[in-house]
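Asker: What follows is a structure written as structure tokens; I'll ask about it next.
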Amino acid sequence: MSRRVVLGRRGNGDVGVFVSPPGVDAFTAPDSALVLNVTSKKSQLVLMGRISTNGVVPLALSRAPFVFLTSQYDFAGTIGHTLGPGPVRPSPPFLAGAVGATATINGNGASMSVTLASTSGGGPYPAIYQVYSQAFT
Amino acid sequence: MSHARAVGIANDNNVINNISGTNIFGIRAFYPDLGYIPFVELHKISGTVVNDDFFNSSFPSGAYFQIERTQATGGTSNPGSPLGLSALFAVYQIPVPSQ
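These protein sequence lines map, in sequence, to chains A and B.
Each residue of the first sequence is one higher than the one before, starting from 1 at the first, in the working numbering.
Each residue of the second sequence is one higher than the one before, starting from 1 at the first, in the working numbering.
Structure, rendered in structure tokens:
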């Protein structure tokens, strides 16, 4: 008989509420086999934003957080791109002289200095940033 | 909202290939097996400077990481010794659609 519901810690160390379908052991099943999986994950998104000029973004954290940057680009004039600029992956776009955007974490997470991407044909390009609760220092 | 299932810093102190007897080093991130190939983000980090997909002038728009169930491998491949490169990574609890 399989365990259909686990409340607490299950086999892989995750803690939460886990429910499996009939015939599947909720204690040992991979995440993909569960019908319900409520657990506190490793990290949560705590801040998102867009920045269009090089500058400093206040974070007010006490440790350097995980930050992911995605630059924007405007393919206006290219057939099929009529809705204006937007995030582009990979970023920066693979164009001549591409230099990526960077976020330098200041003061153990007090703020971050964002330097935007550019290419030999233009820039700086705006960027989207995501800041997660997980720290890397 | 999707939560990161695993986060960490991967380094290039991993032998990812061997060509004619020479070890090839590259960045490899390890994470738990969720039972599927997950969506993964990897971005180069140097100290406290986080990059977008830019890796270096040879790989300005990303460094071709291969995402597998329990690891992601890529970055610059360097023969003989690692270059001391690192990447932040986050693994999301979202399966990559498979054929």
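Yeah, the Cβ is synthetic: ideal placement off N, Cα and C, and Gly gets one too.
Since we're looking at a predicted model, the values are computed, not measured.
Taking its Cβ as the centre, do 16 or more other Cβ atoms sit within 10 Å of isoleucine 105/A, making it buried, or is it exposed?
Answerer: One-based indexing of the first sequence puts residue 105/A at position 105. Under this definition isoleucine 105/A is a buried residue.
Asker: Give, in chain order, every residue of the segment 39-57 of chain B whose Cβ lies closer than 9 angstroms to some Cβ of chain A.
Answerer: The residues in question are Glu41, His43, Lys44, Ile45, Ser46, Gly47, Thr48, Val49, Val50, Asn51, Asp52, Asp53, Phe54, Phe55 and Ser57.
Asker: Applying the 10 Å Cβ sphere with the 16-neighbour rule, what's the burial state of asparagine 17/B?
Answerer: The residue given as residue 17/B occupies position 17 in the second sequence. The residue is exposed, with fewer than 16 neighbouring Cβ atoms inside 10 Å.
Asker: Tell me where the beta strand (DSSP E) around arginine 9/A begins and ends.
Answerer: Sequence index remark: in the first sequence, residue 9/A carries index 9 (1-based). Secondary structure note for arginine 9/A: its beta strand (DSSP E) is the uninterrupted segment 5-9.
Asker: Buried or exposed: asparagine 51/B, going by 16 or more other Cβ atoms within 10 Å of its Cβ?
Answerer: As a position in the second sequence, residue 51/B is number 51, starting the count at 1. Buried, because 16 or more other Cβ atoms sit within 10 Å of the Cβ of asparagine 51/B.
Asker: Taking 9 angstroms as the cut-off, decide whether the C-beta atoms of isoleucine 27/B and valine 15/B are in contact.
Answerer: Counting from 1 along the second sequence, the entry for residue 27/B is found at position 27. Counting from 1 along the second sequence, the entry for residue 15/B is found at position 15. Result no, Cβ atoms of isoleucine 27/B and valine 15/B do not sit closer than 9 angstroms.
Asker: When the distance is taken between beta carbons, is proline 38/B closer than 9 angstroms to proline 95/B?
Answerer: Translated into positions along the second sequence, residue 95/B becomes position 95. Translated into positions along the second sequence, residue 38/B becomes position 38. Taking 9 angstroms as the Cβ cut-off, proline 95/B and proline 38/B qualify as a contacting pair.
Asker: Which residues, in order along the segment 86-99 of chain A, keep a beta-carbon less than 8 angstroms from a beta-carbon of chain B?
Answerer: Arg89, Pro90, Ser91, Pro92, Pro93, Phe94, Ala98 and Val99
Asker: Considering only DSSP beta bridges, list what valine 15/A is partnered with.
Answerer: Start at 1 with the first residue of the first sequence, and residue 15/A comes out as number 15. According to DSSP, valine 15/A bridges with Arg9/A.
Asker: For glycine 121/A, which residues in the same chain have their Cβ closer than 8 angstroms to its Cβ, ignoring the five residues on either side in sequence?
Answerer: Walking along the first sequence from the start, residue 121/A turns up at place 121. Closer than 8 angstroms at Cβ, skipping near neighbours: Leu95, Ala96 and Gly97.
Asker: Considering Cα atoms alone, identify which of Val15/A, Pro124/A, Pro58/A and Ser91/A is closest to valine 131/A.
Answerer: Here residue 131/A refers to the residue found at position 131 of the first sequence. Of the candidates Val15/A, Pro124/A, Pro58/A and Ser91/A, the one whose C-alpha sits nearest the C-alpha of valine 131/A is Pro58/A.
Asker: Roughly how many angstroms separate the alpha carbons of valine 35/A and proline 126/A, rounded to a whole number?
Answerer: The sequence position of residue 35/A within the first sequence is 35, counting from 1. The sequence position of residue 126/A within the first sequence is 126, counting from 1. Each residue's Cα considered, the two are about 40 angstroms apart.
Asker: Starting from alanine 90/B, follow the beta strand (DSSP E) in both directions and report where the run begins and ends.
Answerer: Here residue 90/B is taken as the residue at index 90 of the second sequence, counted from 1. Bounds of the beta strand (DSSP E) holding alanine 90/B are 86-95.
Asker: For a contact meaning CB atoms closer than 7 angstroms, what does glycine 62/B contact in chain A?
Answerer: Start at 1 with the first residue of the second sequence, and residue 62/B comes out as number 62. What glycine 62/B touches in chain A: Pro90.
Asker: May I have the straight-line CA-CA distance separating serine 77/B from threonine 39/A, to the nearest angstrom?
Answerer: As a position in the second sequence, residue 77/B is number 77, starting the count at 1. As a position in the first sequence, residue 39/A is number 39, starting the count at 1. Answer to the nearest angstrom: the Cα atoms are 37 angstroms apart.
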